[in-house]
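Worksheet: one structure, shown below.
There are 2 protein chains.
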Amino acid sequence: MVTIKDVAKATGVSPSTVSRVIADNPRISPDTKKKVRKAMKDLGYHTNISARNLVVKSTKAIGVIMPSSADKALQNPFFPEILRGIGSVTHRMKYSVTLSSGQTEEEIYEEVQRMVFGSYVDGVILLYSRLNDRVTNFLIERGFPFVIVGKPYENVNGITHVDNDNFTAGKEITEHLIDQGHEKIAFIGGSKDLFVTIDREAGYEAALQEAGHEVSDSYKIHTEFLKSGGREAVENLMSLKTPPTGIVVSDDLMSVGVLSMLEESGVKVPRDVSLVSFNNVYLSEIILPALTTVDIQIHELGAQSAKALIEKTVNKTEPVKRISIPYEIVYRDSVSRLP
Amino acid sequence: MVTIKDVAKATGVSPSTVSRVIADNPRISPDTKKKVRKAMKDLGYHTNISARNLVVKSTKAIGVIMPSSADKALQNPFFPEILRGIGSVTHRMKYSVTLSSGQTEEEIYEEVQRMVFGSYVDGVILLYSRLNDRVTNFLIERGFPFVIVGKPYENVNGITHVDNDNFTAGKEITEHLIDQGHEKIAFIGGSKDLFVTIDREAGYEAALQEAGHEVSDSYKIHTEFLKSGGREAVENLMSLKTPPTGIVVSDDLMSVGVLSMLEESGVKVPRDVSLVSFNNVYLSEIILPALTTVDIQIHELGAQSAKALIEKTVNKTEPVKRISIPYEIVYRDSVSRLP
DNA sequence: CTGTTAGCGCGTTCAC
DNA sequence: GTGAACGCGCTAACAG
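Chains as they are written, first to last, in the working numbering: chain A, 1 to 339; chain B, 340 to 678.
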């Protein structure tokens with residue numbers, strides 16, 4: 001391994017000078033810079049990150065914490081996409097990304113501990129938000145920089161997070177259904193202790209109420225991830241005395257499941273029932289019918305969270321921020337107009 | 340930050356003793372161990388990873404390199420799953436995972452350089468395999484430990500990689516179609532410079548030939564990822580004088596696209612045409628019809644690659660390995676028996 | 001503008 | 001069984 005000393009020796013300067021040209025210190029003469037740079041290239045010098053980290057007490061690395069695999073959501077294309085969003089800014093800023101690898105809540109907690117205590121990373125992005133989460137509490141206690149993608153459960157004004165306005169998005173997409181003449185509209189969401197679900201559902205209800213349409217409990221179903229359980233729920237829903245003509249589903253992937261169940265029961269989308277959902281994942285475009293869905297700009301969600309985090313790590317006094325990423329409804333073929 | 344010295348002072352021993360109990364050195368008396376450990380806990384000591392890395396010249400970290408986003412495949416649920424597989428062993432071994440964040444081939448190349456030269460990681464997992472890849476060549480030149488998930492393009496016997504036997508898998512799944520009475524079988528695959536595609540396709544052809552069925556070029560279509568271009572291709576396929584009654588698709592996600600196009604053209608699966616594919620991603624289970632597909636055990640692919648890599652990093656003389664992960668066909672509802 | 005010195009936190013001789 | 005001393009590669013004063 002070629003070190004700063006080697007370069008120094010080869011150039012006939014001192015190690016600190018070499019260090020300075022690496023930092024592009026303005027007080028170094030252009031000549032020596034040139035010389036040193038040449039030597040670095042010739043010798044194949046590359047700065048040793050551990051050594052630097054040790055002294056500057058910073059790692060230029062951020063940790064990204066995925067939800068525990070209890071949240072089966074991992075199969076959701078949401079994650080690769082948000083990772084890419086994060087990557088787009090970390091790469092630009094020459095930061096690196098350390099991914100959590102724990103599967104259970106406990107494992108993740110330990111991992112985050114190592115990350116912060118061991119000085120693995122300068123800050124952390126939480127890709128989930130759970131009530132009473134040990135990790136979150138830990139981070140707060142330690143005053144360690146972190147941002148949440150989504151809405152924090154507690155201390156909303158004290159935790160910088162980046163999110164969509166899921167309430168309004170839910171309202172708007174429901175209104176679209178209403179505009180198309182639908183009155184009987186159902187909601188199918190994931191676990192109701194996820195804020196996304198709660199917010200989107202609240203928006204759905206608001207739209208209904210504003211329009212003066214009934215919001216009935218039998219129209220709202222929550223199901224982990226669509227398998228056996230979800231199937232019954234959907235069947236029940238459609239065999240109500242007055243089945244819905246429109247459904248708001250909280251997530252594209254879930255929509256795929258709902259779609260299958262619906263078709264299986266002989267109801268066609270959008271002929272018999274209209275469907276809208278959220279995320280605008282690639283999938284929603286290639287499925288039949290293509291989904292009308294709200295594009296929440298996952299990539300941007302990731303990018304902004306990384307940006308906010310990095311700002312926080314370089315400037316600890318950076319104020320808490322609530323960043324809202326605009327969404328946009330993309331209209332496709334899963335909705336039909338009612339007479 | 341509480342260091343080894345602090346613990347030493349608090350315990351009345353020397354720093355080196357503390358270091359030894361951390362390493363669980365057997366020549367330390369149980370008593371002092373106990374004492375020191377208590378102090379560590381009390382003071383909240385955590386070993387500083389940078390400092391340790393600096394001296395031991397190892398990072399206990401591995402880099403995971405995703406394909407450039409030119410390979411639009413990133414939306415594929417394959418990636419989160421393989422990441423989880425990798426995570427399952429890195430976590431157990433207390434390794435950490437650094438994710439590449441570059442988007443273009445060039446960016447990724449630079450990134451890998453930093454990773455290896457800067458001693459960010461001990462080894463690297465390549466989640467793709469491209470012909471004449473700079474990254475691969477670089478890694479080889481430097482003699483840096485790495486493993487490929489998939490089949491290397493060159494030097495197959497010189498690069499440890501973990502893969503499925505895609506040829507046989509392709510053959511077997513095609514044979515399943517044949518067993519069900521199909522003779523006219525088409526193949527739809529992704530880019531034909533991906534080895535997965537090549538191998539699976541070869542298997543498909545082999546099955547056909549062995550069964551004495553025609554393998555026609557007009558039955559083989561390659562399309563990046565199914566959008567406009569793919570649509571036409573599928574339409575052409577189905578409007579051949581003798582359209583296929585069965586289709587082998589190289590990937591579940593792609594199957595979803597094919598399925599849509601088929602239905603759009605009024606052909607029903609599996610009534611009019613049978614469909615099989617690969618990967619057994621969660622999606623293939625919730626779609627209608629549920630896909631008959633070969634489960635390639637993505638999670639295991641990830642886990643084994645991490646395991647192999649770690650072994651390589653701890654023991655540089657570890658021999659090159661070709662690890663083949665068994666696959667298994669899971670039979671669902673996308674195939675019908677021909678009379 | 002540049003060199004010298006010191007020290008980041010840890011592991012590892014080599015003594016005792 | 002334990003301590004003292006040194007060095008990993010780098011940056012940051014402090015000189016000059």
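Ideal Cβ placement from N, Cα and C applies to all residues, glycine included.
These figures come from a predicted structure and were not determined experimentally.
Please return the same chain residues whose Cβ sits closer than 7 Å to the Cβ of residue i, not counting the five positions on each side in sequence.
i: V495 of chain B; result: none
i: I173 of chain A; result: V248, V276, V294 and I329
i: S19 of chain A; result: I4
i: I367 of chain B; result: T356, R359 and V360
i: K660 of chain B; result: T499 and A647
i: V341 of chain B; result: L382, G383 and Y384
i: V215 of chain A; result: E205, L208 and Q209
i: F187 of chain A; result: E201, Y204, Y219, K220 and V248
Could you tell me the alpha carbon to alpha carbon distance between residue i and residue j, rounded to whole angstroms?
i: Y120 of chain A; j: A61 of chain A; result: 7 Å
i: L438 of chain B; j: H430 of chain B; result: 15 Å
i: V116 of chain A; j: G123 of chain A; result: 8 Å
i: S16 of chain A; j: K348 of chain B; result: 33 Å
i: L598 of chain B; j: Y670 of chain B; result: 17 Å
i: M405 of chain B; j: I388 of chain B; result: 25 Å
i: G727 of chain B; j: I343 of chain B; result: An answer regarding residue 727 of chain B cannot be provided, because it is not within the stretch 340 to 678 covered by chain B.
i: R676 of chain B; j: R469 of chain B; result: 38 Å
i: L516 of chain B; j: G551 of chain B; result: 14 Å
i: D333 of chain A; j: M600 of chain B; result: 14 Å
i: R364 of chain B; j: R376 of chain B; result: Note on residue identity: the sequence assigns Asn, not Arg, to residue 364 of chain B. Taking the straight line joining both Cα atoms gives about 13 Å.
i: Q452 of chain B; j: L465 of chain B; result: 14 Å
i: P678 of chain B; j: A206 of chain A; result: 55 Å
i: R423 of chain B; j: F534 of chain B; result: 23 Å
i: N471 of chain B; j: D532 of chain B; result: 11 Å
i: D590 of chain B; j: A508 of chain B; result: 12 Å
i: I86 of chain A; j: Q519 of chain B; result: 47 Å
i: S435 of chain B; j: G246 of chain A; result: 46 Å
i: S663 of chain B; j: G489 of chain B; result: 10 Å
Along chain B, in chain order, which residues have C-beta atoms closer than 7 Å to that of residue i?
i: V256 of chain A; result: L622, I625 and I626
i: T313 of chain A; result: Going along chain B, no residue has its Cβ under 7 Å from T313 of chain A, so there is no contact; the nearest lies around 16 Å.
i: S96 of chain A; result: T437 and Y459
i: E391 of chain A; result: In the structure displayed, chain A extends from 1 to 339; residue 391 of chain A sits before or after that span and is not available.
i: L275 of chain A; result: Those do not exist, as L275 of chain A stays about 14 Å from chain B at its closest Cβ, beyond 7 Å.
Run through chain B and tell me which residues come within less than 8 Å of residue i, C-beta to C-beta.
i: V46 of chain A; result: One detail in the question is off: residue 46 of chain A reads as His in this sequence, not Val. Ordered by position in chain B, the residues that pass the 8 Å Cβ test against H46 of chain A are Q452, R453, F456 and G457.
i: L208 of chain A; result: Those within 8 Å of L208 of chain A in chain B number zero; the least Cβ separation is about 27 Å.
i: G87 of chain A; result: L438, S439, S440, G441 and Q442
Tell me which residues share the same chain as residue i and place their Cβ nearer than 8 Å to its Cβ, disregarding the 5 neighbours each side in the sequence.
i: S58 of chain A; result: D122 and T313
i: E263 of chain A; result: V269
i: V64 of chain A; result: L83, I86, V97, T98, L99, S100, V124, I125 and L127
i: D345 of chain B; result: L382 and Y384
i: T32 of chain A; result: T11, V13, T17 and V21
List, in chain order, every chain A residue whose beta-carbon is nearer than 7 Å to that of residue i.
i: I388 of chain B; result: G118, S119 and Y120
i: N392 of chain B; result: S50
Ordered along the chain, which non-local residues of its own chain (more than five positions away) have a Cβ less than 6 Å from that of residue i?
i: Y448 of chain B; result: R473 and V474
i: D199 of chain A; result: N166 and F167
i: E450 of chain B; result: S439 and G441
i: E765 of chain B; result: What the structure shows of chain B is the stretch from 340 to 678, and residue 765 of chain B is not part of that stretch, so it cannot be assessed.
i: L478 of chain B; result: F485
Give the interface partners of residue i over in chain A, defined as CB-CB distance under 8 Å, in chain order.
i: H430 of chain B; result: S101, G102, Q103, E107 and E111
Identify the contact partners of residue i in chain B, using a Cβ-Cβ distance below 9 Å as the criterion.
i: E154 of chain A; result: Simply none; closest approach about 24 Å.
i: L83 of chain A; result: M405, L413, F418, P419, L422, L438 and S440
i: S129 of chain A; result: Going along chain B, no residue has its Cβ under 9 Å from S129 of chain A, so there is no contact; the nearest lies around 18 Å.
i: S260 of chain A; result: I625, I626, L627, P628 and A629
Who are the neighbours of residue i on chain A, taking C-beta pairs under 9 Å?
i: F526 of chain B; result: In chain order: nothing, as chain A lies at least about 19 Å away.
i: G509 of chain B; result: Those within 9 Å of G509 of chain B in chain A number zero; the least Cβ separation is about 23 Å.
Can you tell me whether residue i sits near the ligand ZN, meaning its C-beta is under 7 Å from at least one heavy atom of the ligand?
i: V486 of chain B; result: Looking at this structure, you won't find the ligand ZN or any other ligand, since it has none at all.
Taking contact to mean at least 3 C-beta pairs separated by less than 8 Å, is the stretch 626 to 646 of chain B in contact with the stretch 476 to 484 of chain B? Remark: fewer than three beta-carbon pairs, one from each stretch, lie closer than 8 Å, so the stretch 626 to 646 of chain B and the stretch 476 to 484 of chain B are not flagged as touching.
Stretch pair the stretch 645 to 663 of chain B + the stretch 493 to 507 of chain B: three plus CB contacts closer than 8 Å: Segments in contact, yes.
I'd like to know if the stretch 616 to 630 of chain B and the stretch 592 to 603 of chain B are in contact, where contact means that at least 3 CB-CB pairs between them fall below 8 Å. The stretch 616 to 630 of chain B vs the stretch 592 to 603 of chain B: in contact.
Taking contact to mean 3 or more Cβ pairs, one atom from each stretch, closer than 8 Å, check whether the stretch 204 to 223 of chain A and the stretch 234 to 251 of chain A are in contact. By the Cβ test, the stretch 204 to 223 of chain A is in contact with the stretch 234 to 251 of chain A, since at least three Cβ pairs between them sit closer than 8 Å.
Segments of 4+ residues assigned as alpha helix (DSSP H) that fall wholly inside the stretch 216 to 302 of chain A: If we require 4 residues or more, the alpha helix (DSSP H) runs fully inside the stretch 216 to 302 of chain A come out as 228 to 238, 252 to 264 and 283 to 286.
Output the residue ranges of the beta strand (DSSP E) runs that lie fully inside the stretch 407 to 453 of chain B and measure 3 residues or longer, sorted by chain position. Listed in chain order, the complete beta strand (DSSP E) runs (minimum 3 residues) inside the stretch 407 to 453 of chain B are 435 to 438.
Could you name each continuous beta strand (DSSP E) segment of 3 residues or more that falls completely within the stretch 346 to 408 of chain B, going from the start of the chain to the end? Taken in chain order, the complete beta strand (DSSP E) segments of 3 residues or longer contained in the stretch 346 to 408 of chain B are 400 to 404.
Runs of alpha helix (DSSP H) lying entirely within the stretch 480 to 534 of chain B, each at least 4 residues, in chain order: If we require 4 residues or more, the alpha helix (DSSP H) runs fully inside the stretch 480 to 534 of chain B come out as 505 to 518.
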